[in-house]
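Numbering-wise (this note's numbering), the sequence shown opens with residue 51 and increments by one. A virtual CB, placed ideally from N, CA and C, is assigned to each residue, including glycine.
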Amino acid sequence: MGIDENIRTGRHCVFRMHVHLVFVTKYRHKVFADRHLTRCEEIMRAVCEDFEAELVEFNGENNHVHLLVNFPPKVAVSKLVNSLKGVSSRRLRQEFPDLARHYWRAQRLWSGSYFAGSAGGAPLSSVKQYIEQQNRPLRPGPRSTVQIRAHS
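Here it is as structure tokens:
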């Protein structure tokens, strides 16, 4: 069995955590061209680095993007998402006036919602089966030395 290159280490933990994120444009407007998506990927890669996370994969279409992010346990997915969406919205609208004009009233590029799903690792059914098959001791552990006395 070889060493898994996706396993990362922290000060007190060993981990491999991936999340699949999907962000949709506000009102699902079809606003992205290749140049927008290319710059969006660069911006999101930099944001991930600020969180000590890695943008493993990025792609999108004219009204949404998909990200696969490897992140450490100390990072809350909601905080990562907030930064990814906020920074990319602000920078893309600054750098591409056509996007800013399209959303001039909303002042937002992304819908308020997002999809986040855990990714990688064994299927849940395999993990559940592995846990079920653990060898739980059949007899109780050592008796407690503390005795409880009834008050009369």
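Within the continuous beta strand (DSSP E) that includes asparagine 109, where are the two ends? Note, asparagine 109: beta strand (DSSP E), 104 to 111.
Below 8 Å CB to CB, which residues in the same chain sit around leucine 142 once its five sequence neighbours on both sides are set aside? Non-local C-beta neighbours of leucine 142 in its own chain, meaning closer than 8 Å and more than five positions away in sequence, comprise His86, Arg89, Cys90, Ile93, Leu149, Leu159, ordered along the chain.
Return the CA-CA distance between proline 173 and arginine 155, expressed in angstroms with no decimal places. Roughly 44 Å between the two C-alpha positions.
Relative to the C-alpha of valine 115, which residue among Pro122, Tyr164, Cys98, Cys63 is closest? Tyr164
Candidates Asn56, Leu71, Phe73, Val72, of which the one nearest phenylalanine 65 by Cα: The option with the nearest alpha carbon to phenylalanine 65 is Asn56.
Please confirm whether valine 97 and serine 133 have their CB atoms less than 7 Å apart. Yes, the pair counts as a contact, with Cβ atoms nearer than the cut-off.
DSSP on asparagine 132, reduced to helix/strand/coil? helix
Of all the options Arg186, Ala169, Arg151, which has the alpha carbon lying nearest to the alpha carbon of valine 81? Arg151
Do histidine 68 and glycine 170 have their beta-carbon atoms positioned less than 7 Å apart in this structure? yes
Helix, strand or coil, according to DSSP, for valine 81 in the structure here? In this structure, valine 81 counts as coil in the three-state DSSP scheme.
Please report the distance separating the alpha-carbon of lysine 124 from that of serine 161. 26 Å
Compare the C-alpha of threonine 75 against each of Phe108, Arg61, Tyr153 and name the closest. Considering only alpha carbons, the answer is Tyr153.
Return the chain-ordered list of same chain residues with a C-beta closer than 7 Å to the C-beta of leucine 118, the five sequence neighbours on each side being excluded. His68, His70, Val106, Glu107, Ala169
To which residues of the same chain is glutamate 102 closer than 6 Å at the C-beta, ignoring the five residues directly before and after it? These residues qualify, in order along the chain: Pro122.
Should methionine 51 go down as buried or exposed, given a rule of 16 or more other Cβ atoms within 10 Å for buried? Confidence in methionine 51 is poor, its pLDDT being 36 and thus under 50, which makes the residue's placement too unreliable to answer from.
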